[in-house]
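Student: Here the UniProt record's numbering is used: the first residue of the sequence shown is 1, the next is one more, and so on. For every residue, glycine included, the Cβ atom is placed at its ideal position computed from N, Cα and C. Have a look at the structure that comes next, please.
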Amino acid sequence: MVETQEAVIRITPLAAEKAKEILVRYGKEHAAIRVYIKSGGCSGFQYGMAVDERELEGDTLVEMHGVRLVVDPMSLPYLVGSEIDWVESLMGGGFTVHNPNAASTCGCGHSFRTKDQEGEARTCGH
């Protein structure tokens, strides 16, 4: 695991408070929030977050506002410089990722496309 002092990914104070509430609700106060990218979604890549007690070889760990964020080495290049925030809407609240690496995002806010991806964006299924 790579521990970093310089935050390669950030979390806002509000999002950190919401993440801590989730960790407490699941009885996993000492776990981390794993942030990852997977193929799919309407724009090519999709964000994912999960409560994770594991720290795998090659993971990058960032601690901020009392929350530990863990990012795997495959996801890290797509997430460098990103900020996780919490947004409230009429439909409820949820985490969102502000990603400077995304050339375009889907209307659902859960998927994105990078500058080097080719092809047309697919219709959002959300």
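1) With 16 other CB atoms within 10 Å as the buried threshold, where does G66 fall?
2) Less than 9 angstroms separating the beta-carbons of M64 and A7?
3) By Cβ distance, which residues of its chain are closer than 6 angstroms to Q117, with the 5 residues on each side in sequence left out?
4) Taking only three categories from DSSP, how would you classify V24?
5) In the DSSP assignment, the beta strand (DSSP E) including L61 goes from what residue to what residue?
6) Could you tell me the boundaries of the alpha helix (DSSP H) in which L79 lies?
7) For T96, report the span of its beta strand (DSSP E) as first-last.
8) Please list, in chain order, all residues of the same chain as S75 whose beta carbon is under 6 angstroms from its beta carbon, the five residues on each side excluded.
9) Can you list, in chain order, the residues of its chain whose CB lies under 8 angstroms from that of L14, leaving out five sequence neighbours each side?
10) The beta strand (DSSP E) that contains L56, what's its start and end?
11) Given a threshold of 16 other Cβ atoms within 10 Å of its Cβ, counted over all protein chains shown, does P100 qualify as buried or as exposed?
Tutor: The short version:
1) Exposed is the call here.
2) In this structure, A7 lies closer than 9 angstroms to M64 by Cβ.
3) Because Q117 sits at a pLDDT of 47, beneath the cut-off of 50, its placement in the model cannot be relied upon, and the following sentence gives the value as read from the coordinates. Answer for Q117: G44, listed in chain order.
4) Collapsing the DSSP output to three states places V24 in a helix.
5) T60 to M64 is the span of the beta strand (DSSP E), which, as asked, contains L61.
6) It spans L76 to L79 - the alpha helix (DSSP H) in which L79 sits, taken as one unbroken run.
7) Going by DSSP, T96 is part of the beta strand (DSSP E) stretching over G92 to H98.
8) If we look at S75 and ignore the five residues flanking it on each side, its Cβ neighbours are Y36 and I37.
9) Excluding its 5 nearest sequence neighbours in each direction, L14 has C-beta neighbours in its own chain below 8 angstroms: D85 and W86, listed in chain order.
10) That residue, L56, is in no beta strand (DSSP E); it is neither H nor E in DSSP.
11) Sixteen is the threshold: since fewer than 16 other Cβ atoms of the shown chains lie within 10 Å of the Cβ of P100, the residue is exposed.
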